[in-house]
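Below is one structure, written out as structure tokens; comments come after it.
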Amino acid sequence: MSLPTKWVAHIDAWQRSGLNQAAYCQQQGLNYKTFAARLCDYRKTQHDSPPMLIPVNIQKSPTPSEIDSILLMHRNGHRLTLPATVSAVWVAELLRCLD
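When you line the sequence shown up against my numbering, it's residues 14 to 112, in that order.
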């Protein structure tokens, strides 16, 4: 069922207006029940369109970088850089061993 251009134009104008249906109808001198019925018809025609794919962009999750690291410096000058994801228990055990 094809909706007359007049009603499609009113529906588009109503959607852009920011008004509720009753306020738009009052402003435009339209019968609210008629407008609601035409809107219902319009929405039915919108659902009759075939399904389509919508393109999306999926971004890869960030991985730990050199900024996200732990730097251990021993008093003898040795340095050890570890990823921030390393187990805290493992780091604690390593520090105990170095003492």
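From the three backbone atoms N, C-alpha and C, an ideal C-beta is built for every residue, glycine too.
Boundaries of the beta strand (DSSP E) in which residue i is found, first to last residue
i: Ser82; result: 82-86
i: Leu95; result: 92-96
Classification of residue i by the beta-carbon crowding that lies within 10 angstroms, buried from 16 upward
i: Trp103; result: exposed
i: Tyr45; result: exposed
i: Arg109; result: exposed
i: Arg29; result: exposed
i: Ile71; result: exposed
i: Ile24; result: buried
Rounded distance between the beta-carbons of residue j and residue i, thought under 8 Å
i: Ala105; j: Asp81; result: Not confirmed; about 19 Å, so no contact.
i: Arg51; j: Leu16; result: 6 Å
DSSP three-state assignment for residue i, whether helix, strand or coil
i: Val69; result: coil
i: Val99; result: coil
i: Leu43; result: coil
i: Ser120; result: With the chain represented from 14 up to 112, any question about residue 120 goes unanswered, as that position is not in the structure.
Within-8 Å CB hit, residue i to chain B
i: Lys57; result: Considering every chain present, this structure includes no chain B. It has just one protein chain.
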